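Beneath this line is the structure, given in structure tokens, with notes to follow.
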Amino acid sequence: MDDSLFWRVHVSPDALARSPGHVGARFATGMAAMRATQAYLRPLPDALVRLWLARDRGHIVIDAVRQGFRPGMSAFRGRRLEDVAWVRLTLLAEDPIAYLTPVGALIAHLIGWGESPEEKGQPWRDFARGVRSSFEAGYGRSDAARADVDAYLAEGIAWYLADRRGLNVENPRLEKLLRATLFNEAWSQNEICWFD
61 MDDSLFWRVH VSPDALARSP GHVGARFATG MAAMRATQAY LRPLPDALVR
111 LWLARDRGHI VIDAVRQGFR PGMSAFRGRR LEDVAWVRLT LLAEDPIAYL
161 TPVGALIAHL IGWGESPEEK GQPWRDFARG VRSSFEAGYG RSDAARADVD
211 AYLAEGIAWY LADRRGLNVE NPRLEKLLRA TLFNEAWSQN EICWFD
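Residue numbers (the numbering used here): 61 to 256.
What follows is the structure, encoded as structure tokens:
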């Protein structure tokens with residue numbers, strides 16, 4: 061993946077100023093934080109990136125305080141952005157998996173997670189069944205991911221982006237599933253991007 065998603069990553073003007081000093085030492089500018097965030101997106105297959113860019117929705121906003129995925133419209137610097145993953149800058153320095161979990165929720169939303177699987181093909185239904193089966197095994201990293209399958213998938217996507225090897229050690233079943241499906245170019249092209 062090239063830098064094509066760079067324009068979907070934004071930074072609040074006061075994000076650095078309102079973050080603890082050690083964060084500013086690690087990321088001297090908002091641009092540095094944006095580049096670090098984008099670097100985590102590189103494992104995304106090109107087909108998924110094309111799907112993301114083909115829509116006007118799907119943004120990541122680096123902020124000093126807010127953290128979470130917000131579907132629908134959000135106000136940011138005089139603009140209206142649709143489907144925003146708000147990510148707290150401090151977590152970029154301290155816990156990249158937690159930092160990227162709203163991005164995982166955004167990606168799940170963009171690919172249609174939660175929509176009726178009957179409307180999709182058998183490979184998609186197998187993916188959904190695999191996620192649910194892995195969730196039921198109780199391998200979520202956070203309390204939220206152990207309690208809710210949607211949070212589990214979002215956290216799993218974030219973990220894959222931040223530390224695929226670590227995910228493979230802690231939850232090899234989910235790592236293998238994500239590698240064979242969502243992060244696989246052919247699968248993404250056929251099962252996610254068919255409705256482009």
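A virtual CB, placed ideally from N, CA and C, is assigned to each residue, including glycine. This structure is a prediction, so every number in the text was calculated from the model and none was measured.
{"Asked": "Chain D within 8 angstroms of Ala168, Cβ atoms only", "Found": "As a matter of chain content, chain D is missing from the structure shown, which is built from one protein chain."}
{"Asked": "Which of helix, strand or coil DSSP assigns to Trp146", "Found": "strand"}
{"Asked": "Distance between Arg201 and Ala95 (C-alpha atoms, nearest Å)", "Found": "The sequence given here places Arg at residue 95; Ala does not occur at that position. Straight-line Cα distance between these residues: approximately 26 angstroms."}
{"Asked": "Supposed close pair Trp146, Gln127 - CB separation, criterion 8 angstroms", "Found": "6 angstroms"}
{"Asked": "CA-to-CA distance, Pro183 to Asp162, given in whole angstroms", "Found": "Strictly speaking, residue 162 in this sequence is Pro, with Asp absent from that position. Near 25 angstroms, if we compare the C-alpha coordinates of Pro183 and Pro162."}
{"Asked": "Inter-residue Cα distance where the pair is Gly90 and Ser79", "Found": "12 angstroms"}
{"Asked": "Asp155 - DSSP class collapsed to helix/strand/coil", "Found": "coil"}
{"Asked": "Contact set for Glu215: own chain, Cβ-Cβ below 8 angstroms, skip 5 residues either direction", "Found": "Ile157, Thr161, Gly164, Gly200, Arg201, Ser202, Ala204 and Ala205"}
{"Asked": "Residue ranges of each alpha helix (DSSP H) within the region 167-195, 4 or longer", "Found": "none"}
{"Asked": "Entirely enclosed alpha helix (DSSP H) segments - the region 75-150, minimum 4 residues", "Found": "81-86, 90-100 and 106-113"}
{"Asked": "Per-residue burial, Ser248 [other beta carbons within 10 Å of its own, 16 or more giving buried]", "Found": "buried"}
{"Asked": "Assigned exposure category for Ser193 - 16 Cβ within 10 Å defines buried", "Found": "exposed"}
{"Asked": "Whole-angstrom distance between Gly181 and Asp74, CA atom to CA atom", "Found": "45 angstroms"}
{"Asked": "Distance CB(Ala153)-CB(Ile217) smaller than 8 angstroms", "Found": "no"}
{"Asked": "Contact set for Leu3: own chain, Cβ-Cβ below 6 angstroms, skip 5 residues either direction", "Found": "Here the chain comprises residues numbered 61 to 256, so residue 3 is not present and cannot be evaluated."}
{"Asked": "Whole-angstrom C-beta distance between Glu245 and Ala107, which should lie under 8 angstroms", "Found": "6 angstroms"}
{"Asked": "Residue nearest to Asn231 in terms of C-alpha spacing, selected from Tyr212, Thr241, Phe243 and Asp208", "Found": "Tyr212"}
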